[in-house]
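J.: For reference, the structure I am asking about is given below.
There are 2 protein chains.
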Amino acid sequence: VIQLDNITKVYKVGDETIRALDGVNLEVGPNEYVAVMGTSGSGKSTLMTILGCLDRPTAGTYLLDGKLTTRMGSAALARVRNERIGFVFQSFELLPRFTALKNVELPLIYSRSGWWNRRKRAKAALETVGLGPRMRHRPNQLSGGQRQRVAIARALVARPAILLADEPTGNLDSATSDEILGLFDQLHTSGQTIILVTHEADVARHARRVIRMKDGKIRSDLGSQED
Amino acid sequence: VIQLDNITKVYKVGDETIRALDGVNLEVGPNEYVAVMGTSGSGKSTLMTILGCLDRPTAGTYLLDGKLTTRMGSAALARVRNERIGFVFQSFELLPRFTALKNVELPLIYSRSGWWNRRKRAKAALETVGLGPRMRHRPNQLSGGQRQRVAIARALVARPAILLADEPTGNLDSATSDEILGLFDQLHTSGQTIILVTHEADVARHARRVIRMKDGKIRSDLGSQED
Ligand SMILES: Nc1ncnc2c1ncn2[C@@H]1O[C@H](COP(=O)(O)OP(=O)(O)OP(=O)(O)O)[C@@H](O)[C@H]1O
Ligand SMILES: Nc1ncnc2c1ncn2[C@@H]1O[C@H](COP(=O)(O)OP(=O)(O)OP(=O)(O)O)[C@@H](O)[C@H]1O
Ligand SMILES: [Mg+2]
Ligand SMILES: [Mg+2]
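In order, the protein sequence lines correspond to chains A and B. Counting from 1, one number per residue, gives the positions in the first sequence under our numbering. Counting from 228, one number per residue, gives the positions in the second sequence under our numbering.
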């Protein structure tokens, strides 16, 4: 369902060139559960941004469900993104002037649900991550781990085929983290494809496959038992 | 050096009242190394904000180095903060339009160093956290863990007597995290008082004392061996 071919992403800062991704080849099949690990700055978030169609590679091709994303215009890319992908950002990216509820309703604007149905589904998603009592709070009225969970609820509300989560438990205590990982396990069992970035071995253990990155390259790609 | 007496912090959202801190008593002596743990939303960041003189409690008193902070005006509070405290925020709070270097130089504006000395010290702080090659990058040109390390360097550059760090390794892989914790160990050995919030037991292990919070209260306060 995902096929990256010799993907490169280069940034320029002043007269410096940074190869954030440097020839990445990756295939992920439907209903896989993959963990991405690696040192700070090794290219994990950049990889996720490209997988999520939020940014284009400098070189290489990305086939998503057989379609060549690298040839699509930005309107087509946005449509694919909204229909197929749920994304949890490393820094959450919530809209500061809206409540948790409004933030979670947002992805459903593109679906064919009426406003009452959107509200109902957004409430259910927030309750699933334990934020029932905090729906009317805005992001600056929430704790770090609560904002993280709003970001997770928002990524899941439209029931996307592919969930991309960048450090989804980085701000969560172990009990809350276990609840979220239990939720991801259920989603995986019901057919979802999950790719998550984590720096914690306990979290990676929930995945079936572990990819390790270093300096913009994939260094190892093993079953989670062998990793 | 730190004495909290029956500290309460209440927020109002609509007609709802949230007791983020609910009668907290805490004493921390000079050169202690304390870890604060607890579930998401239990009041850890609110506690840190009050300790860091970044916010005032709703009730209760806070004696810092024998001075009653709760009676100080905001100018006096700001001075105490700049002279005594280094703060690492859970969401980093870097200035987006400035480079990593400028961000780290900022706390030294209050000190009596000339600009050349400030630049030299900021560079040294960034090199200590492994960001020598990234000094001229702005926050949106950095990875999550790199931003976290800029926030750490900024908190340390003025060599504050008290370091308050809210989840300082939340976005760091284990190797980079060990480097940062090694740095904190050195600072502790050289006399600094350190209070850090963490949700990871491996990180809390570096501290000498572990405080656990729940629902705005301190539930346990033990030596890190007994915790
Ligand atoms: N400005 C605010 N207005 C209303 N409620 C708030 C505000 N800031 C925090 N809260 C609430 O106060 C409680 C404590 O928040 P705090 O940020 O201290 O939690 P925390 O222990 O740091 O959590 P986490 O581990 O998720 O970072 C939370 O339930 C939160 O929703
Ligand atoms: N917009 C940008 N401009 C310049 N360099 C960038 C930009 N975004 C990222 N980088 C650089 O690209 C490299 C990879 O960044 P990326 O965010 O993918 O790392 P990461 O593996 O997610 O790290 P972390 O674990 O710290 O989150 C880093 O060295 C970073 O400094
Ligand atoms: Mg990242
Ligand atoms: Mg917090």
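No residue lacks a Cβ here, since even glycine has one placed at the ideal position from N, Cα and C. In this text, all values refer to a predicted model and were calculated from it rather than measured experimentally.
According to the neighbour-count rule (16 or more other Cβ atoms, all chains shown, within 10 Å of its Cβ), is A:Asp15 buried or exposed?
T.: Label assigned to A:Asp15: exposed.
J.: Between A:Ser177 and A:Thr189, how many whole angstroms is the CB-CB distance? I'm expecting something under 8 Å.
T.: Actually they are not in contact, since the Cβ atoms of A:Ser177 and A:Thr189 sit about 19 Å apart, beyond 8 Å.
J.: Am I right that B:Leu408 and B:Val377 are in contact with their C-beta atoms under 8 Å? What's the rounded C-beta distance?
T.: 17 Å between Cβ atoms; not a contact.
J.: When the distance is taken between beta carbons, is B:Ala434 closer than 8 Å to B:Leu449?
T.: No, the pair does not count as a contact, with Cβ atoms beyond the cut-off.
J.: Under 8 Å, Cβ to Cβ, is there at least one residue of chain B near A:Leu172?
T.: It does; some Cβ of chain B falls within 8 Å.
J.: By the DSSP assignment, the beta strand (DSSP E) with A:Phe87 in it spans what residues?
T.: That run of the beta strand (DSSP E) goes Ile85 to Val88.
J.: Relative to the C-alpha of B:Leu278, which candidate in B:Thr266, B:Ala428 and B:Ala305 has its C-alpha closest?
T.: Checked all of B:Thr266, B:Ala428 and B:Ala305; the closest Cα to B:Leu278 is B:Ala305.
J.: From what residue to what residue does the alpha helix (DSSP H) around B:Ile336 run?
T.: Here B:Ile336 belongs to no alpha helix (DSSP H), and DSSP marks it neither H nor E.
J.: Of all the beta strand (DSSP E) runs that stay within the bounds of the region 386 to 424 of chain B, which reach a length of 3 or more residues?
T.: Listed in chain order, the complete beta strand (DSSP E) runs (minimum 3 residues) inside the region 386 to 424 of chain B are 389 to 393 and 420 to 424.
J.: Mind checking B:Gly270: buried by the 16 CB within 10 Å criterion, or exposed?
T.: Buried: at least 16 other Cβ atoms inside 10 Å.
J.: Can you give the Cα-Cα distance for A:Gly66 and A:Gly29, rounded to whole angstroms?
T.: Computed Cα separation, rounded: 12 Å.
J.: The alpha helix (DSSP H) that contains A:Asp5, what's its start and end?
T.: No alpha helix (DSSP H) contains A:Asp5, which is instead part of the beta strand (DSSP E) from Ile2 to Val13.
J.: Following a CB-centred definition, is A:Lys9 positioned closer than 7 Å to any heavy atom of ligand 4?
T.: Every heavy atom of ligand 4 is 7 Å or more from the Cβ of A:Lys9, so no.
J.: According to DSSP, A:Ile218 sits in a beta bridge with which residue or residues?
T.: A:Met213.
J.: May I ask whether a heavy atom of ligand 2 can be found less than 7 Å away from the beta carbon of A:Ser224?
T.: No, the Cβ of A:Ser224 stays beyond 7 Å of every heavy atom of ligand 2.
J.: Mind pulling the chain B residues with CB within less than 9 Å of A:Ser224?
T.: None at all; the shortest Cβ gap to chain B is about 17 Å.
J.: Assuming A:Asp22 and A:Gly216 make a contact with CB atoms under 8 Å, what is their CB distance in whole Å?
T.: At roughly 4 Å, the Cβ-Cβ gap stays under 8 Å, so A:Asp22 and A:Gly216 are in contact.
J.: According to DSSP, which residues form a beta bridge with A:Glu16?
T.: For A:Glu16, which the question treats as bridged, DSSP gives the partners A:Val13.
J.: Excluding the five sequence neighbours on either side, which residues of its own chain have a C-beta within less than 8 Å of the C-beta of B:Arg324, listed in chain order?
T.: Closer than 8 Å at Cβ, skipping near neighbours: Arg365.
J.: Which residue's Cα is closest to the Cα of A:Gln225: A:Ile218, A:Arg219 and A:Ile211?
T.: Closest option to A:Gln225, Cα to Cα, is A:Ile211.
J.: Chain B beta carbons: is any one of them nearer than 8 Å to that of A:Thr128?
T.: So no, A:Thr128 is outside the interface.
J.: Examine chain B for any beta-carbon lying closer than 8 Å to the beta-carbon of A:Gln141, and answer yes or no.
T.: True, the Cβ-Cβ gap to chain B drops below 8 Å.
J.: Let me confirm a value: B:Arg446 is counted as buried when at least 16 other C-beta atoms fall within 10 Å, else exposed. Which label applies?
T.: Label assigned to B:Arg446: exposed.
J.: Threshold first: 4 residues or longer. Then list the alpha helix (DSSP H) segments lying entirely within the region 271 to 296 of chain B, N to C.
T.: Counting whole runs of 4 or more residues, the region 271 to 296 of chain B contains the alpha helix (DSSP H) stretches 271 to 278.
J.: Is any heavy atom in ligand 2 found nearer than 7 Å to the beta carbon of B:Asp400?
T.: At least one heavy atom of ligand 2 is nearer than 7 Å to the Cβ of B:Asp400, so yes.
J.: Got a sec, what are the start and stop residues for the beta strand (DSSP E) A:Val150 sits in?
T.: Element bounds for A:Val150: not the beta strand (DSSP E) but the alpha helix (DSSP H), Gly144 to Leu156.
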